[in-house]
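Student: Structure provided below as C-alpha cells; questions to follow.
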Amino acid sequence: MAAGKTAAAATGAWILFEDEAGQSMPPHAKTWGRIGRTPVVRVRGRGSGRVSIAGMTCYRTGERSRLIYAVREYNGRKNQPKGFGWRDFRDLILRARSQLGGPIALVWDNVCIHLTAPPEEFIEANADWLTVFQLPTYAPELNPQEGVWAMVKRDLGDLAAADLSQITRAVKRRLKRIEYRPHLIDGCLAVTGLGIDE
Numbered sequence: 006m007a008a009g010k011t012a013a014a015a016t017g018a019w020i021l022f023e024d025e026a027g028q029s030m031p032p033h034a035k036t037w038g039r040i041g042r043t044p045v046v047r048v049r050g051r052g053s054g055r056v057s058i059a060g061m062t063c064y065r066t067g068e069r070s071r072l073i074y075a076v077r078e079y080n081g082r083k084n085q086p087k088g089f090g091w092r093d094f095r096d097l098i099l100r101a102r103s104q105l106g107g108p109i110a111l112v113w114d115n116v117c118i119h120l121t122a123p124p125e126e127f128i129e130a131n132a133d134w135l136t137v138f139q140l141p142t143y144a145p146e147l148n149p150q151e152g153v154w155a156m157v158k159r160d161l162g163d164l165a166a167a168d169l170s171q172i173t174r175a176v177k178r179r180l181k182r183i184e185y186r187p188h189l190i191d192g193c194l195a196v197t198g199l200g201i202d203e
C-alpha cells in the first residue's frame with residue numbers, strides 16, 4: 006500500500022479502491038425477541054434474484070472524496086449475466102477517469118476476474134494514466150469500499166422487499182445518500198488505518 010500512496014503522490018493521481026457486493030431477496034438481520042421465542046418475519050417476495058453492486062471510493066489530497074458505482078439486477082433470466090464482467094469493470098474505470106480527470110492509482114482485491122488477461126491488457130495499454138495495485142489476499146479491512154457496503158447493508162437489513170426492483174431502488178437511494186456525504190467516504194478510509202496525505 007505504501008507503494009501505491011507514493012506513486013499517487015508523485016503523479017498527483019486519484020487513489021481509487023474498488024470492490025463488489027451483492028444483496029439477495031431474503032432480508033438478513035438480527036433483532037430482539039422474547040426469550041425462547043424466535044422472531045419470524047414472513048416475506049412475500051415473488052421469485053428470487055440478486056442485486057450486484059460494483060463501486061469505487063476515490064481520494065486525492067485537497068479534493069472532496071467521491072463514490073462511483075454501478076448497480077445491476079439479476080432476475081434469473083436465460084443468458085442474463087449474474088454479476089459484473091470485465092467490460093463492466095473497464096467501463097467503471099473509464100467513467101471514473103472521465104469524472105475525476107488526471108491519473109488514477111487503482112487498488113483492488115485478488116478476485117479471479119481481476120487477474121485474467123483482458124484486465125492486464127487494458128492496464129498495459131493505459132499505463133500512461135492507470136496504475137493498479139493488488140490488495141493482500143483476504144484483507145477486506147484495508148478496503149474503504151467495504152465500509153460503504155456495510156453502511157448500505159445495515160440499512161437494508163430490515164427491508165422485507167416484495168420484489169427485486171424494490172431492493173434495487175433501496176440500494177441506489179442509500180448509495181446516492183453516501184455519494185453526497187464525503188465525510189462518510191472519508192470515515193471509511195479512516196477505519197482502514199490508511200491515509201493519503203503522505
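This note's numbering applies: residue 6 is where the sequence shown begins, and numbers increase by one.
Backbone N, C-alpha and C define an ideal beta-carbon position, used for all residues, glycine too.
Within the chosen definition, does the segment 117 to 134 reach the segment 158 to 171 through at least 3 CB pairs nearer than 8 Å?
Tutor: No, they do not touch.
Student: For the putative contact between residue 169 and residue 54, defined by C-beta atoms under 8 Å, what is the C-beta separation to the nearest angstrom?
Tutor: That belief holds up - the Cβ atoms of residue 169 and residue 54 are roughly 4 Å apart, short of 8 Å.
Student: Do residue 21 and residue 109 come within 8 Å of each other at the CB atom, strictly closer than that value?
Tutor: Yes.
Student: According to DSSP, is residue 129 part of a helix, a strand, or is it coil?
Tutor: Helix.
Student: Mind pulling the beta strand (DSSP E) runs of 3 or more residues that sit fully within the segment 104 to 177?
Tutor: Counting whole runs of 3 or more residues, the segment 104 to 177 contains the beta strand (DSSP E) stretches 109 to 113 and 135 to 139.
Student: Secondary structure at residue 38, three-state DSSP: helix, strand or coil?
Tutor: Looking at residue 38 - three-state DSSP - the assignment turns out to be coil, as it is neither helix nor strand.
Student: Starting from residue 201, follow the alpha helix (DSSP H) in both directions and report where the run begins and ends.
Tutor: Run containing residue 201: none; DSSP gives neither H nor E here.
Student: Are three or more beta carbon pairs between the segment 55 to 67 and the segment 172 to 189 nearer than 8 Å?
Tutor: The segment 55 to 67 is in contact with the segment 172 to 189.
Student: Rounding to the nearest angstrom, what Cα-Cα distance links residue 194 and residue 44 in this structure?
Tutor: Going by the C-alpha atoms only, they are around 36 Å apart.
Student: Measuring straight from C-alpha to C-alpha, what distance separates residue 125 and residue 156?
Tutor: Distance between the alpha carbons of residue 125 and residue 156 is about 32 Å.
Student: Is the beta carbon of residue 24 closer than 8 Å to that of residue 114?
Tutor: Contact: yes.
Student: My output table needs one value for residue 22: the three-state DSSP class, helix, strand or coil.
Tutor: Note: residue 22 maps to strand in three-state DSSP.
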